[in-house]
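Undergrad: Residues 1 to 264 (full-length UniProt numbering) make up the sequence shown, in order. Ideal placement from N, C-alpha and C gives every residue a C-beta, glycine not left out.
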Amino acid sequence: MSPPAPIPEIPFYLPVGNECRLFELAFAHRLPLLLKGPTGCGKTRFVAHMAARVGRPLYTVSCHDDLTAADLTGRYLLKGGDTVWTDGPLTAAVRQGGIAYLDEVVEARKDVTVVLHPLTDDRRLLPLDRTGELLQAPDDFMLVVSYNPGYQNVLKQLKPSTRQRFVAIEFDFPPAEVERKVVVAETGLDEGRAHSLVMLAGRLRSLKGHDLEEGVSTRLLVYCATLVQAGMNLREAVQAAMIEPLTDDADVKKGLDEVVLAVF
Ligand code: ADP
Numbered sequence: 001m002s003p004p005a006p007i008p009e010i011p012f013y014l015p016v017g018n019e020c021r022l023f024e025l026a027f028a029h030r031l032p033l034l035l036k037g038p039t040g041c042g043k044t045r046f047v048a049h050m051a052a053r054v055g056r057p058l059y060t061v062s063c064h065d066d067l068t069a070a071d072l073t074g075r076y077l078l079k080g081g082d083t084v085w086t087d088g089p090l091t092a093a094v095r096q097g098g099i100a101y102l103d104e105v106v107e108a109r110k111d112v113t114v115v116l117h118p119l120t121d122d123r124r125l126l127p128l129d130r131t132g133e134l135l136q137a138p139d140d141f142m143l144v145v146s147y148n149p150g151y152q153n154v155l156k157q158l159k160p161s162t163r164q165r166f167v168a169i170e171f172d173f174p175p176a177e178v179e180r181k182v183v184v185a186e187t188g189l190d191e192g193r194a195h196s197l198v199m200l201a202g203r204l205r206s207l208k209g210h211d212l213e214e215g216v217s218t219r220l221l222v223y224c225a226t227l228v229q230a231g232m233n234l235r236e237a238v239q240a241a242m243i244e245p246l247t248d249d250a251d252v253k254k255g256l257d258e259v260v261l262a263v264f
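In structure tokens, the structure reads:
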């Protein structure tokens, strides 16, 4: 397992609502937190920002469909002829105190829920069957999970018995005013062009549902502004960062191009 990232300077995060206060209260009162929202809207950055603010190390795990409970808790590994127990990121966060952030938790295998349940009620326990230990999470341990409710996958919904163990915050792409400031802060692009890109993103997002599964993310907007700031012409940057990543369908692309032409 890779060591946790050292506690960095506080990463830049511009709040949209009361999310920072909610995180601080949840941390202080040992409540687990669920972040819902589309990909690329600031969830990971928010957790990195808050982990640094509360001064705890952050253990981030990007969940995928092969991720098992053992990937989180740990396993015996062969080291120089011996088998040595090696903590997974969740166990490390519980043992040392820290923020465990499971990104896209619904992607993980079902056995992960079994591990999360005793950790997310008032017992705050992590049983390690393999070592026979029963770890009690310290006060400065916090579990944060995120998922994207937008994916239309019935098999991959968070079960009520799991989701009702968390305090939840709904994320969405930031309002235009906040998003413009984010683009400027992240890329150094001038206010005027940042404003135009944010307006364009808004127009492209309104097509979501008709032809597109997901709207253009703040992440892509930041990529686009980065290309423009590096000297690329606006139309090319938009094509590369805000159109091509969204779809492979030629007709849909044509529709998106028309929106771009109408804005620029
Ligand atoms: P998610 O975890 O929701 O997929 P990220 O946290 O990785 O998305 O956000 C993608 C990018 O968007 C970040 O790297 C950052 O540049 C930017 N971003 C989005 N929202 C904010 C915000 N409120 N403050 C600062 N940066 C933001």
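What residue does the beta strand (DSSP E) around Val144 start on, and which one ends it?
TA: Start and end: Met142 to Tyr147.
Undergrad: So, with DSSP's three-state summary, where would you put Gly202?
TA: DSSP places Gly202 in helix when its eight states are reduced to three.
Undergrad: Under 6 Å Cβ to Cβ from Ala51, same chain only, skipping five residues before and after it: list those, please.
TA: These residues qualify, in order along the chain: Leu58 and Ile99.
Undergrad: Under 9 Å between the Cβ atoms of Ser196 and Val263?
TA: Closer than 9 Å, so yes.
Undergrad: If we count Cβ pairs, one from each stretch, closer than 8 Å, do we get three or more for the stretch 169 to 176 versus the stretch 207 to 218?
TA: Judged by Cβ distances under 8 Å, the stretch 169 to 176 makes contact with the stretch 207 to 218, as three or more pairs qualify.
Undergrad: Does the count of Cβ pairs from the stretch 11 to 25 and the stretch 36 to 51 closer than 8 Å reach three?
TA: Verdict: yes, contact present.
Undergrad: Secondary structure at Ala100, three-state DSSP: helix, strand or coil?
TA: Three-state result, Ala100: strand.
Undergrad: Please state whether the Cβ-Cβ distance between Leu189 and Met242 is less than 9 Å.
TA: No. Outside cutoff.
Undergrad: If we count the other Cβ atoms within 10 Å of its Cβ and call it buried at 16 or more, is Leu135 buried or exposed?
TA: Buried is the call here.
Undergrad: Got a sec: does the ligand ADP put a non-hydrogen atom nearer than 8 Å to the Cβ of Pro15?
TA: For the ligand ADP, at least one heavy atom lies less than 8 Å from the Cβ of Pro15.
Undergrad: So, helix, strand or coil for Thr44, using DSSP?
TA: It is helical.
Undergrad: In chain order, which alpha helix (DSSP H) runs of at least 4 residues are fully inside the UniProt domain "CbbQ/NirQ/NorQ C-terminal" (179 to 262)?
TA: You should have 191 to 205, 218 to 229 and 234 to 238.
Undergrad: Using a Cβ-based criterion (distance less than 8 Å to any ligand heavy atom), does Glu213 qualify as near the ligand ADP?
TA: Incorrect: Glu213 has no Cβ contact closer than 8 Å to the ligand ADP.
Undergrad: Run the proximity test for Pro245: is its beta-carbon closer than 8 Å to any non-hydrogen atom belonging to the ligand ADP?
TA: Pro245 Cβ: outside cutoff for every heavy atom of the ligand ADP.
Undergrad: Would you mind reading off the limits of the alpha helix (DSSP H) that contains Thr113?
TA: Asp111 to Leu119 is the span of the alpha helix (DSSP H), which, as asked, contains Thr113.
Undergrad: Look at the alpha carbon of Leu90 and the alpha carbon of Asn233, and state the distance between them as a whole number of angstroms.
TA: If you take the alpha carbons of Leu90 and Asn233, they lie about 45 Å apart.
Undergrad: Only counting the same chain, and skipping five residues up and downstream in sequence, which positions put a Cβ closer than 6 Å to that of Val252?
TA: So the qualifying residues of the chain are Asp211.
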